[in-house]
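K.L.:
Sending over a structure as C-alpha cells; questions will come in a sec.
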Amino acid sequence: IHACARDIQPALDALIHLIEEHQIATGEVDRVAVNTFSMAAAMDDVTPENPSAARFSIPHALASCLVLGAGHGEALSPAALVDPQIRALAGRVTVRADHSLTARTPRERPAQVEITLKSGEIHRAEAELAWGEFDYEPVADERLEEKFMGLTSGILGADRAAELMNLIRRIETVEDTGRIGLLSTPG
Numbered sequence: 214i215h216a217c218a219r220d221i222q223p224a225l226d227a228l229i230h231l232i233e234e235h236q237i238a239t240g241e242v243d244r245v246a247v248n249t250f251s252m253a254a255a256m257d258d259v260t261p262e263n264p265s266a267a268r269f270s271i272p273h274a275l276a277s278c279l280v281l282g283a284g285h286g287e288a289l290s291p292a293a294l295v296d297p298q299i300r301a302l303a304g305r306v307t308v309r310a311d312h313s314l315t316a317r318t319p320r321e322r323p324a325q326v327e328i329t330l331k332s333g334e335i336h337r338a339e340a341e342l343a344w345g346e347f348d349y350e351p352v353a354d355e356r357l358e359e360k361f362m363g364l365t366s367g368i369l370g371a372d373r374a375a376e377l378m379n380l381i382r383r384i385e386t387v388e389d390t391g392r393i394g395l396l397s398t399p400g
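See the structure below:
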C-alpha cells in the first residue's frame, strides 16, 4: 500500500502504528532506529537522488512518512527528494540488519522500529509483514479509500474519483461497467 519496495513496508507500518498510537508529531522526533532482516537493511540510502532510489530507501520512506503523512504519493516526487525537512530527518534514521529477524524470512519480513523523541521518550513497534499481505493484517477499507483518493483525485478531480471509487466498491452490481472506463479517463 506504500510507495516503496515491499521489504520496506513493514518498517513503515510499524512507524505508522507508533505515530497513530502515541500521536507523534514530526517536530517531536529526535531519531528513528530500524532493525530488520538483511535484505531490507541494505536499503539504507539516506539521500536518494531519484524516485527509483527513493523507492528503495528506508530512511527516505520513514522520513517522508513523518513529514508528508502515511502512504503519501508525493514521497517520490522531485520536491520530496530535496525537501530539507525530509533530508534532515532521513539523516537521523539508522538501519541495521538483525540476524534474528533475518532467520524469520522468508515466512516473515520483519522490522522493528524505535522512535526516540526529543523529550527522551522511546516508543517501539514491530511488524512481521506488510499490511495487506494475503495472510496478514488486511488493509482497512478506510486506508484503501484514502490511498485511492490520494492517487486519483489530482488526476480525475475529487468528485470523479469518489464516483469511480463508489462504482468499484459495488462492481458486482454495476450494470454499465463502461462508466468505470469513462470515469477512469482524465478530462
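At position 134 of the sequence shown the residue is numbered 347 (the working numbering), and the sequence of numbers has no breaks.
Each residue gets a CB set at the ideal place from its N, CA and C atoms; glycine is no exception.
Which stretch, first to last residue, makes up the alpha helix (DSSP H) that contains threonine 239?
P.N.:
It is not in any alpha helix (DSSP H) - threonine 239 carries neither H nor E in the DSSP assignment.
K.L.:
Look up glutamate 327 in the DSSP assignment and give the residues it is bridged to.
P.N.:
In the DSSP output, where bridge partners are listed per residue, glutamate 327 has Ala246, Arg337.
K.L.:
Look at phenylalanine 361 and alanine 310 and say whether their C-beta atoms are less than 8 Å apart.
P.N.:
It is not a contact, given that the beta carbons lie outside the stated cut-off.
K.L.:
How about valine 326 and alanine 338: do their beta carbons lie closer than 8 Å?
P.N.:
In contact: valine 326 and alanine 338 (Cβ atoms closer than 8 Å).
K.L.:
How is the beta strand (DSSP E) around threonine 307 delimited, first residue to last?
P.N.:
Per DSSP, threonine 307 belongs to the beta strand (DSSP E) from 306 to 310.
K.L.:
Using DSSP with H/G/I as helix, E/B as strand and the rest coil, what is cysteine 217?
P.N.:
Note: cysteine 217 maps to coil in three-state DSSP.
K.L.:
Rounded to the nearest angstrom, how far is the Cβ of glutamate 341 from that of proline 264, given a contact under 8 Å?
P.N.:
Actually they do not touch by this definition, with Cβ atoms about 28 Å apart.
K.L.:
Taking the alpha helix (DSSP H) that aspartate 258 falls in, what are its first and last residues?
P.N.:
Counting along the chain, aspartate 258 falls outside any alpha helix (DSSP H), and DSSP gives it neither H nor E.
K.L.:
Roughly how many whole angstroms lie between the Cα atoms of aspartate 296 and threonine 386?
P.N.:
Answer to the nearest angstrom: the Cα atoms are 45 Å apart.
K.L.:
To the nearest angstrom, how far is the alpha carbon of arginine 244 from that of glycine 333?
P.N.:
Cα to Cα, arginine 244 sits roughly 10 Å from glycine 333.
K.L.:
As a quick exercise: from Thr398, Thr390, Leu380, Gly391, pick the residue whose alpha carbon is nearest that of glycine 370.
P.N.:
If we check each option's Cα against that of glycine 370, Thr398 comes out closest.
K.L.:
What do you reckon, are the CB atoms on leucine 228 and alanine 267 nearer than 8 Å?
P.N.:
The answer is no: Cβ separation not under 8 Å.
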